[in-house]
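Asker: Protein chains in written order, with our numbering: chain C, 784 to 894; chain D, 784 to 894. Glycine included, each C-beta is placed from N, C-alpha and C at the ideal position. These numbers were taken from a predicted model, which means no experiment stands behind them. Pasting a structure here, questions to come.
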DNA sequence: AATTAACATTGCAATATTACGATAAATAAG
DNA sequence: CTTATTTATCGTAATATTGCAATGTTAATT
């Protein structure tokens, strides 16, 4: 079937899965890191930075935009992308909440 | 083509992408949360907990085991799964490093 | 107006993921 | 020894993802 049964899971679980997909490809990780580093960027820069075709990068950018991790502003014939601060903060919180459930002392001698 | 060009990216970027895949499906998120909550569990519990077929859950467990997020110990005819503390800690660190690059003041009025 | 530049979109091929029934393997129970 | 019980694996179908050439689209340049 190949289709995720989202109705079986909570909104939060589905949200985490969606957010995780933003990071689930090294090209998107690279794009995000580049945006974080340069605080804004132009699509063309990324074609130089990563070794992927323009069409491929444009596709990854659209996926990140769909998840609202990034946002783009048209500047003449160019597009300036940057991190969506609000969403970034939410994603950060979701993951932090997940990771803070870690209790080394309890888990160390589990199995 | 559908095959990720891992050689274009750094080891760290590929690692983050791999770790993110563990969370990139709500069923795996649910499994991880259940393991965190109960600190150990039996596969069969999950078939009751989630609404997926036994084969599907077993497959998700194997994926999590492949990424080393969880580990399983055979206990008679059952298998006890738990979080791999060491790897969990590493994943947590990687994500934390990524998220801590966030600087609201710089990003807020970007685009 | 024609040309160039920067991105987006379309269409397609290759591969990966998700899901599950059926079956196998291993231990436990009778 | 036979029969459950528990989990893994195989096979298969449906769908999703990745990648890129080709083509569109929009705006700047000439």
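(1) Identify the contact partners of residue 812 of chain C in chain D, using a Cβ-Cβ distance below 7 angstroms as the criterion.
(2) Quick one: Cα of residue 891 of chain C to Cα of residue 786 of chain D, how far?
(3) Does any CB atom of chain D fall closer than 8 angstroms to the CB of residue 890 of chain C?
(4) Find the nearest neighbour of residue 802 of chain D within the set D:832, D:842, D:856, D:846, judged by alpha-carbon distance.
(5) I need the DSSP call for residue 850 of chain C, collapsed to helix, strand or coil.
(6) Quick one: give me the first and last residue of the beta strand (DSSP E) that residue 863 of chain D is part of.
(7) Would residue 862 of chain C pass as a contact of residue 825 of chain C if the rule is Cβ separation under 8 angstroms?
(8) What does a CB cutoff of less than 7 angstroms around residue 877 of chain D pick up in its chain, not counting 5 residues either side in sequence?
(9) Quick check on residue 842 of chain C - is its C-beta less than 8 angstroms from some C-beta in chain D?
(10) Taking 6 angstroms as the limit between beta carbons, can you name the residues of its chain near residue 854 of chain D, skipping five residues before and five after?
Answerer: Once the coordinates are examined:
(1) 796, 799, 800
(2) Low local confidence applies: a pLDDT of 48 at residue 891 of chain C is under 50, so the model's placement there is unreliable, and no value is given.
(3) At residue 890 of chain C, the pLDDT of 49 sits below 50, so the modelled position is not reliable; the number obtained from the coordinates is stated separately. Yes, because at least one Cβ of chain D sits closer than 8 angstroms to the Cβ of residue 890 of chain C.
(4) D:846
(5) Reduced to three states, the DSSP call for residue 850 of chain C is coil.
(6) 861-866
(7) yes
(8) 798, 799, 802
(9) no
(10) 867
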